[in-house]
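Chemist: Take this structure first; my questions come after.
Residue numbers (this note's numbering), protein chains in the order written: chain E, 1 to 116; chain D, 1001 to 1115.
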């Protein structure tokens, strides 16, 4: 069964440094998402992406965040200047085209980001 | 605004007994409802969804969920629990529309099945 893959599985970065989290969505999916989960808390939406542009973003997704689909397979999340509070598990998800959004989102195993 | 409530942080059940994980939702329009399961150090794995039609939906691993519009609930159930069902379960809602609206998750319920 096709999967969403994320790399790296764990990223340790100094505060203030830039970090890029990488995702390869399921190949025939058209919609892409990033979510994060701070330890012990709920999964929170960051951003959705379709047709090479951001569809929707949350309040968390401020100017320090950006997303890109640099080629036909990768989907990246960049944090320009990391803060301690960015430490979390970051999940990439993708979904197929469906009627009025009825297709489930499929998640990768996540990247654990630790900011020191 | 949409929201999901999972009133129980933890549910304990003996192996072989039926299990229920509760979920209620609040949304201004027609919802799509989902259940996901998360095993340790893994991503969220899709279990089942309610879109329309029959209020009882069946999903992976013998799980099912019942949509109750009047009570705005979507409880997850399984007739006979297995130790391997022990995991973190998330209920999620999204609005029905033509785009790719994000999922709104509950805070999760940890299920422990005891042998």
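Yeah, the Cβ is synthetic: ideal placement off N, Cα and C, and Gly gets one too.
1) Where does residue 38 of chain E land, buried or exposed, given buried means 16+ other C-beta within 10 angstroms?
2) Sort E:11, E:2 and E:25 by Cα distance to residue 19 of chain E and report the nearest one.
3) According to a CB-to-CB cut-off of less than 9 Å, which residues of the segment 1082-1110 of chain D neighbour chain E?
4) For residue 95 of chain E, count neighbouring C-beta atoms within 10 Å of its own C-beta (all shown protein chains included) and say buried if the count is 16 or more, exposed if not.
5) Among E:47, E:44, E:15 and E:55, which one has its Cα closest to the Cα of residue 80 of chain E?
6) Does the Cβ of residue 7 of chain E have 16 or more other Cβ atoms within 10 Å, making it buried, or fewer, making it exposed?
7) Residue 1054 of chain D: which of D:1110, D:1088, D:1066 and D:1073 sits nearest, CA to CA?
8) Taking residue 95 of chain E as the query, report the chain D residues whose CB atoms sit under 8 Å from its CB, ordered along the chain.
9) If I follow the unbroken beta strand (DSSP E) through residue 1068 of chain D, where does it start and stop?
10) Return the CA-CA distance between residue 1107 of chain D and residue 1026 of chain D, expressed in angstroms with no decimal places.
11) Quick check on residue 1067 of chain D - is its C-beta less than 8 Å from some C-beta in chain E?
12) Between residue 1035 of chain D and residue 1052 of chain D, what straight-line distance do the alpha-carbon atoms span, to the nearest angstrom?
13) Ordered along the chain, which non-local residues of its own chain (more than five positions away) have a Cβ less than 6 Å from that of residue 78 of chain E?
14) Rounded to a whole number of angstroms, what is the C-alpha to C-alpha distance between residue 1043 of chain D and residue 41 of chain E?
Modeler: To lay it out plainly:
1) exposed
2) E:11
3) 1090, 1092, 1094, 1095, 1096, 1097, 1098, 1099, 1100, 1101, 1102, 1103, 1104, 1105, 1106, 1107 and 1108
4) buried
5) E:15
6) exposed
7) D:1066
8) 1100
9) 1064-1068
10) 14 Å
11) no
12) 15 Å
13) 20 and 66
14) In this structure, the CA atom of residue 1043 of chain D is about 14 Å from the CA atom of residue 41 of chain E.
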